[in-house]
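Colleague: One structure, as structure tokens, below. Some questions next.
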Amino acid sequence: MEVTTNQKATQPMAAWSAVFALSLCASTLVASEFMPVSLLTPIASGLHLTEGQAGQAISVSGLFAVLASLLISAATSGFDRRSLLLWLTGLMLVSGVIVAFAPNYPVFIAGRALVGVTIGGFWSLSAATMIRLVPTTDVPRALAVLNGGNALATTIAAPLGSFLGQYIGWRGAFFCVVPVAALTFVWQFLTLPKMPIQKRGSATAAFKVLRRPQVPYGMLAAALFFLGQFALFTYLRPFLETVTRVDVTTISALLLLMGVAGLIGTSIIGFVIRERLYASLIVMPLAMALVAVAVTAFGSSPIAIAPLMFLWGFIGTAAPVGWWTWVSKALPDDAEAGGGLMVAVVQLAITTGAAGGGVLFDSSGYRATFLFSAVILALSSSVILIGALRRKAKLDLQCTPCPSASSAL
């Protein structure tokens, strides 16, 4: 691994408060990233865009997140990680102001680009930061707290954005992120210890992990999963308005239902992936593909759409926990480089999914978009299945008989 950290630069007295500050930062960041999903229609109307063009707001933030995740380690070599995290939080605050007061589409997109830089930088540093804030035995708990902030934001961001947009407009909804970002900045300023970097990072370090036998399969499967997920998820609001034909209040309730399902899924997936990681990674995208097909077929019925959105949120919000667990198991000695590559892969997939879904939504309608999502999710399941079978075959060759090989899936 090209970047090493000073493990002694930890201040235990401030550690857990800093962890919770970073969890709040993660919540605010995720809320900022996905706010456009619940406000797509009013954004398009306010800036005189098509809904597909408005959906590119997620694509742009994803593109800049990819660039930041790959380059930030090398670009900020020698820069204290405490200061870097504070700069990134400040950038999130500025982006919220720009987006809320954007007079036109280019300025709006510029604000979204700043969100992307913050996303890529923050998540690339997150795992390494947790390792420095708490003792090794507490790292899983710290990461759970961090991901809890992520899950919470996923739960409330879409329905809250939709609800606030109904009363204070989409600009007001976006501006609500600003005071929370300011609180996050102050909390981190007071609790984060100094975290100097000892060695220079390399911009190519993340790509070197692709030489490992199972890593290409996992990264490709993860890319397909998030691409398929966001090809559909980005365009749920216009679908619910035009096909299911429900009002804004009902849309907010459905998005909240999906978020609550995600919280439930995130809280229990750890027990499943502990024993059946690869089986979970195979089943989850396949189940979501079936849900996407069902939404296409029965989406005009509010009674049918509610349980389908519950299933989508239950699986889709929990799935990233599985992918980050896979990184820790596939690259135990190079988790930082692997994590940086995973961030880039996920953000590029989100960008491609939102962009491709927008093109299909505008040109061919929701059926083409949602069936495209289903096909890509099924491909993700197939790729990780191939990787798991190859891994099992390798284990069988190395030790026969071998209990771990027989339970590899």
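My numbering puts the first residue of the sequence shown at 1075, with every later residue one more than the last.
The beta-carbon is built from N, C-alpha and C at its ideal position, and this holds for glycine as well.
Note that the coordinates shown come from a computational prediction; the quantities given were computed from them, not determined experimentally.
Just the C-alpha distance for residue 1248 and residue 1142, rounded to the nearest angstrom, thanks.
Modeller: Straight across, the Cα-Cα distance linking residue 1248 with residue 1142 is about 23 angstroms.
Colleague: Which word fits residue 1392, buried or exposed, when buried means at least 16 other C-beta atoms lie within 10 angstroms of its C-beta?
Modeller: Buried is the call here.
Colleague: In angstroms, rounded to a whole number, what distance separates the CA positions of residue 1113 and residue 1294?
Modeller: Rounded to the nearest angstrom, the two C-alpha atoms are 30 angstroms apart.
Colleague: For residue 1172 and residue 1319, I'd like the C-alpha separation in whole angstroms.
Modeller: 32 angstroms
Colleague: Tell me whether residue 1285 is buried or exposed, calling it buried when 16 or more other Cβ atoms sit within 10 Å of its Cβ.
Modeller: exposed
Colleague: Throw me the rounded Cβ distance for the residue 1115 and residue 1312 pair, which I believe falls under 8 angstroms.
Modeller: Contact between residue 1115 and residue 1312 holds, with the beta-carbon distance rounding to 6 angstroms and staying under 8 angstroms.
Colleague: Please report how far the alpha carbon of residue 1404 lies from the alpha carbon of residue 1305, in whole angstroms.
Modeller: 27 angstroms
Colleague: Give the straight-line distance between the Cα atoms of residue 1323 and residue 1331, rounded to the nearest whole angstrom.
Modeller: Each residue's alpha carbon lies about 12 angstroms from the other.
Colleague: Just to check my reading of the structure: residue 1252 and residue 1170 have Cβ atoms closer than 8 angstroms, yes? What is that Cβ distance to the nearest angstrom?
Modeller: That belief holds up - the Cβ atoms of residue 1252 and residue 1170 are roughly 4 angstroms apart, short of 8 angstroms.
Colleague: Where do the ends of the alpha helix (DSSP H) carrying residue 1192 lie?
Modeller: In the DSSP assignment, residue 1192 falls within the unbroken alpha helix (DSSP H) covering 1179–1207.
Colleague: For the stretch 1259–1269 and the stretch 1348–1362, state whether three or more C-beta atom pairs, one from each stretch, are separated by less than 8 angstroms.
Modeller: no
Colleague: Measuring only the C-alpha atoms, how far is residue 1117 from residue 1110?
Modeller: C-alpha separation (whole angstroms): 8 angstroms.
Colleague: Measure the alpha-carbon distance for residue 1233 versus residue 1371 and round it to whole angstroms.
Modeller: 24 angstroms
Colleague: Can you grab the Cα-Cα spacing for the pair residue 1257 / residue 1098, in whole Å?
Modeller: 9 angstroms
Colleague: Between residue 1453 and chain C, is the shortest Cβ-Cβ distance under 8 angstroms, so that the two count as touching?
Modeller: Protein chain content of the structure displayed is limited to a single chain, and chain C is not contained in it.
Colleague: To the nearest angstrom, how far is the alpha carbon of residue 1148 from that of residue 1157?
Modeller: 16 angstroms
Colleague: Sorted by chain position, which residues of the same chain lie with C-beta nearer than 7 angstroms to residue 1185's C-beta, five sequence neighbours on each side aside?
Modeller: 1169, 1172, 1173 and 1176
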